[in-house]
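Participant: One structure coming up, written as structure tokens, with questions to follow.
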Amino acid sequence: MYRTHTCGELRLDKKGSTVTLAGWIQRKRELGGMTFIDLRDRYGITQLVFNEKTPESVSQNLKTLGREFVIQVIGTVDERSSKNKNIPTGEIEINVKKLKILNSSLTPPFTIEENSDGGDDLRMKYRYLDLRRTPVKNNLLLRSKMSHLIRNYLIEQNFAEIETPDLMKSTPEGARDFVVPSRLNPGQFYALPQSPQIFKQLLMIAGFDRYFQIARCFRDEDLRADRQPEFTQIDCEMSFVEQEDILELFEGLIKHLFKDIKNLSLNDFPRLPYYDAMDLYGSDKPDIRFGMKIHEMTKFLKGKNFKIFDESEYIGGICAEGCGNYSRKQLNQLTDYVKRPQIGAKGLVYLKYNADGTFKSSVDKFYTTEDLKKWAEIFGAKAGDLILVLCGKKSKTQIQLGTLRLEIASKMKLTDNNIYKPLWVIDFPQFEWDQENNRWHAMHHPFTAPKDEDLPLLDTDPGKVRANAYDLVINGVEVGGGSLRIFHQDLQAKMFKVLGFTKESAEEQFGFLMNAFKYGAPPHAGIAFGLDRLVSMFAGLDSIRDVIAFPKNNAGRDMMNDAPSSISDIQLEELNIKVNLPKD
Ligand code: ASP
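Using this note's numbering, you'd call the opening residue of the sequence shown number 157 and step up by one each time.
Right, dumping it as structure tokens:
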């Protein structure tokens with residue numbers, strides 16, 4: 157037997173017994189003729205002690221031992237004289253009688269402890285060493301536990317776990333496909349799935365009724381912070397259901413996770429139609445841990461000869477509680493913030509409700525004191541508050557206000573990471589206008605069913621069509637989304653038409669799906685959750701990278717094995733691929 161116990165297991169009740177442990181040397185300390193070793197494995201750390209009673213054969217080997225050596229020891233469990241309250245095994249230590257070196261180790265390039273001295277790149281290059289560190293290891297164990305809970309919950313609800321192909325047909329789903337050349341079919345390519353969307357719908361047509369899969373998805377997008385080219389979805393689909401059934405069942409799943417992992421009983425999730433979310437929060441993924449809702453001021457502020465307001469389609473603002481004492485400098489900083497190209501506001505108007513009850517605004521000369529007072533009333537402002545106002549095109553200005561709202565909330569420290577406020581955002585628009593290509597885009601995807609009552613608008617005013625689509629948002633992060641699906645061939649064909657497909661291109665790309673719809677497709681609907689996001693939220697992390705065992709860096713590279721890399725000329729030839737790289 158390699159070991160009788162793990163390094164996280166022994167307590168005082170085993171005092172006096174002989175045990176065998178195996179693990180890595182985290183630290184070795186010499187102290188007045190005694191040597192202490194912290195022995196680590198996945199389960200914890202146990203202190204080993206070597207002293208004058210240690211057999212000569214063992215102490216001889218002590219000198220050679222270094223950090224990250226793998227050893228096996230046999231010894232007796234002793235009570236420690238000075239106990240370590242910080243670790244569960246802190247009351248005992250092992251008095252070593254036998255020692256076997258199972259493997260040596262080079263000195264690791266960074267310290268493998270709770271806090272490491274290694275920079276990001278170094279830790280990515282030696283990811284297998286970083287994964288030995290407790291916080292990183294715990295993230296993956298949390299992920300494993302969550303996957304397990306999710307599986308159990310869904311299986312209990314009669315879902316069947318079914319795998320779908322990774323090598324599939326390239327179909328546009330919003331992002332760019334990763335493609336794989338086919339050797340046997342020269343000049344032809346598979347695509348890696350952006351999601352198993354079409355397959356799960358085909359499984360409903362096949363009659364599986366309830367499907368799920370913890371599925372790897374691939375999207376070849378320009379990398380932004382917190383994006384990975386491959387990521388994992390909890391992908392689900394159900395037949396003979398309405399939106400209500402889906403929201404209820406999956407709200408149950410999320411509540412189950414919070415109860416089991418965080419011992420939190422969440423209240424029922426509020427539901428907010430998309431346009432209300434935009435009106436009130438300037439975002440389709442609002443953070444509702446705090447209020448600071450947007451108030452529209454268009455009617456009230458227009459017509460007072462302030463040209464910029466008078467010429468604006470929309471005027472709106474937020475009230476930052478207790479920020480009435482912001483200095484000129486702070487207000488200038490906020491103005492610069494909203495004028496940054498990423499946000500794009502033209503300027504920022506403020507109204508200070510001073511502590512003494514007077515008002516001061518940046519547009520005083522256009523409004524009477526009475527006006528300013530009313531203005532403050534609309535926001536429910538109190539003395540000491542600061543109202544910030546933006547104007548311009550409605551949808552753009554709302555988004556700018558939403559961004560400003562988050563900025564102020566972060567300055568005011570209103571976002572407590574131990575509080576979780578989920579909500580469903582529902583009734584998304586079916587389409588968004590793609591300015592660049594001069595055509596409509598499906599906001600969710602082309603298989604989403606429009607609201608029955610909006611069907612006539614498909615011909616007359618597509619921009620007004622609402623979809624049966626829903627997102628689950630927690631603390632301003634979209635963790636899942638889905639929709640009721642189109643299940644009639646003629647409506648699907650029409651949808652492709654509105655999206656600018658010719659009959660031939662729709663047939664070429666999606667003919668198999670539309671054909672399948674002709675063989676008794678049941679009403680169906682589904683949802684997918686981002687597992688990486690969900691786990692990082694539960695782990696209290698900002699980035700999904702730390703909950704992925706072997707992530708890519710911001711340039712999409714695997715720093716450890718240096719992928720992507722070139723392939724040999726022979727491989728290229730077999731694949732019928734000619735590479736013309738510019739010479740530098
Ligand atoms: N396939 C969709 C997505 O990846 C989710 C769904 O509609 O079920 O966003």
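All C-beta atoms in this analysis are idealised placements derived from N, C-alpha and C, irrespective of residue type, glycine included.
No experiment lies behind these values; they were computed from the predicted model shown.
Can you list, in chain order, the residues of its chain whose CB lies under 7 Å from that of S518, leaving out five sequence neighbours each side?
Facilitator: Residue mapping note: residue 518 aligns to position 362 of the sequence shown, counting from 1. Correct list, in chain order: V505, Y506.
Participant: Quick check on the burial criterion: 16 or more other C-beta atoms within 10 angstroms. Buried or exposed for H304?
Facilitator: Here the question's residue 304 lines up with position 148 in the sequence shown. Only exposed fits H304, as fewer than 16 other CB atoms lie within 10 angstroms of its CB.
Participant: With a threshold of 16 other CB atoms inside 10 Å of the CB of P606, please say whether the residue is buried or exposed.
Facilitator: The residue given as residue 606 occupies position 450 in the sequence shown. That one is buried.
Participant: Could you tell me whether the stretch 367-384 touches the stretch 692-703, where touching means 3 or more Cβ pairs closer than 8 Å?
Facilitator: yes
Participant: Between the Cα of F225 and the Cα atoms of K184, S215, V214, which residue gives the shortest distance?
Facilitator: Translated into positions along the sequence shown, residue 225 becomes position 69. Taking only the C-alpha atoms, the option nearest F225 is K184.
Participant: What three-state label does DSSP hand Y493 in the structure shown?
Facilitator: Against the sequence shown, residue 493 aligns to sequence position 337. DSSP places Y493 in the helix class (H, G or I) of the three-state scheme.
Participant: Based on DSSP bridge pairs, tell me the residues matched to N251.
Facilitator: Here the question's residue 251 lines up with position 95 in the sequence shown. In DSSP, N251 forms a bridge with V205, T232.
Participant: Can you find the residues in the same chain that come closer than 8 Å, C-beta to C-beta, to Q399, ignoring five residues on each side of it along the sequence?
Facilitator: By one-based count along the sequence shown, residue 399 stands at place 243. The answer, listed in chain order, is I582, N624, Y626, L640, A681.
Participant: Skipping 5 residues on each side, what residues in its chain have a beta carbon closer than 6 Å to that of A433?
Facilitator: In the sequence shown, the residue the question calls residue 433 occupies position 277. Taken in chain order, the residues that qualify are D440, P442, V581.
Participant: Would the stretch 454-467 count as touching the stretch 509-516 if we require 3 or more Cβ pairs under 8 Å?
Facilitator: Flag = no, the stretch 454-467 and the stretch 509-516 do not touch.
Participant: Count the CB pairs spanning the stretch 210-229 and the stretch 295-312 that are closer than 8 Å, and state whether there are at least three.
Facilitator: Fewer than three beta-carbon pairs drawn from the stretch 210-229 and the stretch 295-312 are found closer than 8 Å, and the two stretches are therefore not classed as touching.
Participant: Can you tell me whether P342 is buried or exposed? The criterion is at least 16 other CB atoms within 10 Å of its CB, across all chains shown.
Facilitator: Position 186 of the sequence shown, counting from 1, holds the residue named residue 342. Around the beta carbon of P342, fewer than 16 other beta carbons lie within 10 angstroms, which makes this residue exposed.
Participant: Which two residues bound the contiguous beta strand (DSSP E) that contains K529?
Facilitator: On the sequence shown, position 373 is the one that residue 529 refers to. Segment 525-535 is the alpha helix (DSSP H) holding K529; no beta strand (DSSP E) there.
Participant: Could you check whether the Cβ of A662 sits closer than 6 Å to any heavy atom belonging to the ligand ASP?
Facilitator: Looking up residue 662 in the sequence shown gives position 506. No; taking the cut-off as 6 Å, the Cβ of A662 has no heavy atom of the ligand ASP nearer than that.
Participant: Between the Cα of I474 and the Cα atoms of N488, R496, F446, Q486, which residue gives the shortest distance?
Facilitator: On the sequence shown, residue 474 is found 318 positions in, with the first residue counted as 1. The residue with the shortest Cα to Cα distance from I474 is F446.
Participant: Quick one: is A677 buried, meaning 16 or more other Cβ sit within 10 Å of its Cβ, or exposed?
Facilitator: As a working note, residue 677 is residue 521 in the sequence shown. Buried is the call here.
Participant: For K281, count neighbouring C-beta atoms within 10 Å of its own C-beta (all shown protein chains included) and say buried if the count is 16 or more, exposed if not.
Facilitator: Within the sequence shown, numbered from 1, the residue matching residue 281 stands at position 125. Around the Cβ of K281, a 10 Å sphere holds 16 or more other Cβ atoms; the residue is buried.
Participant: Verify whether the separation of the beta carbon atoms of G408 and G478 is less than 7 Å.
Facilitator: As a working note, residue 408 is residue 252 in the sequence shown. As a working note, residue 478 is residue 322 in the sequence shown. Contact: no.
Participant: Specify, as a first and last residue, the run of the beta strand (DSSP E) that L640 falls within.
Facilitator: Looking up residue 640 in the sequence shown gives position 484. From DSSP, the beta strand (DSSP E) with L640 extends over 633-640.
Participant: Quick one: grab the DSSP three-state call for D718.
Facilitator: Locating residue 718 in the sequence shown gives position 562, counting from the first residue. Coil at D718, not helix or strand.
Participant: Cα-Cα, which of Y346, E269, R279, L204 is closest to E249?
Facilitator: Stepping through the sequence shown from its first residue, residue 249 is reached at position 93. Nearest C-alpha to E249: L204.
Participant: Give the single residue among T559, V175, I181 whose Cα lies nearest to the Cα of P264.
Facilitator: As a working note, residue 264 is residue 108 in the sequence shown. Of the candidates T559, V175, I181, I181 places its Cα closest to the Cα of P264.
Participant: For R332, I'd like the list of residues in its chain whose CB is within less than 8 Å of its CB, leaving aside the five on either flank, ordered along the chain.
Facilitator: Position 176 of the sequence shown holds residue 332. Counting only Cβ-Cβ distances below 8 Å, and skipping sequence neighbours, we find R375, D376, E377.
Participant: Tell me the residue span of the alpha helix (DSSP H) that contains H644.
Facilitator: The residue labelled residue 644 in the question sits at position 488 within the sequence shown. No alpha helix (DSSP H) contains H644, which DSSP labels as neither H nor E.
Participant: Quick check: the Cα distance between D646 and T604, rounded to an integer number of angstroms?
Facilitator: Residue numbering aside, residue 646 sits at position 490 when the sequence shown is read from its first letter. Residue numbering aside, residue 604 sits at position 448 when the sequence shown is read from its first letter. Taking the straight line joining both Cα atoms gives about 14 Å.
Participant: Counting only C-beta atoms, is K281 closer than 7 Å to chain D at any point?
Facilitator: Of the chains in the structure shown, none is chain D; there is only one protein chain.
Participant: Measuring alpha carbon to alpha carbon, tell me which of L687, P720, N732, L737 ends up nearest I410.
Facilitator: Taking the sequence shown and counting its residues from 1, the one referred to as residue 410 is at position 254. The option with the nearest alpha carbon to I410 is L687.
Participant: Measuring only from the beta carbon, is Q353 closer than 6 Å to any heavy atom that is part of the ligand ASP?
Facilitator: As a working note, residue 353 is residue 197 in the sequence shown. Yes, the ligand ASP has a heavy atom inside 6 Å of this Cβ.
Participant: Just verifying my parser: in three-state terms, what is the DSSP assignment at K449?
Facilitator: Counted from its first residue, the sequence shown places residue 449 at position 293. In this structure, K449 counts as coil in the three-state DSSP scheme.
Participant: Which residues does DSSP list as the beta-bridge partners of A347?
Facilitator: Residue mapping note: residue 347 aligns to position 191 of the sequence shown, counting from 1. Beta-bridge pairing links A347 to M324, V335.
Participant: Helix, strand or coil for K463, going by three-state DSSP, please let me know.
Facilitator: Along the sequence shown, one-based indexing puts residue 463 at 307. Three-state result, K463: helix.
Participant: Would you mind giving the Cβ-Cβ distance between T245 and T290, rounded to the nearest angstrom? I have them listed as a contact below 8 Å.
Facilitator: As a position in the sequence shown, residue 245 is number 89, starting the count at 1. As a position in the sequence shown, residue 290 is number 134, starting the count at 1. Actually they do not touch by this definition, with Cβ atoms about 13 Å apart.
Participant: When the distance is taken between beta carbons, is V252 closer than 7 Å to L166?
Facilitator: By one-based count along the sequence shown, residue 166 stands at place 10. By one-based count along the sequence shown, residue 252 stands at place 96. No, the pair does not count as a contact, with Cβ atoms beyond the cut-off.
Participant: Once you ignore the five residues that flank S215 on each side, which residues in its own chain have a CB closer than 7 Å to its CB?
Facilitator: Residue numbering aside, residue 215 sits at position 59 when the sequence shown is read from its first letter. Result list for S215: F206, in chain order.
Participant: Can you find at least 3 beta carbon pairs, one from the stretch 419-439 and one from the stretch 545-562, that sit closer than 8 Å?
Facilitator: Yes: the two stretches touch, three or more of their Cβ pairs being nearer than 8 Å.
Participant: Taking the alpha carbon of D416 as the reference point, which residue from K301, N574, D391 has its own alpha carbon closest?
Facilitator: The sequence position of residue 416 within the sequence shown is 260, counting from 1. Ranked by Cα distance from D416, the first of K301, N574, D391 is K301.
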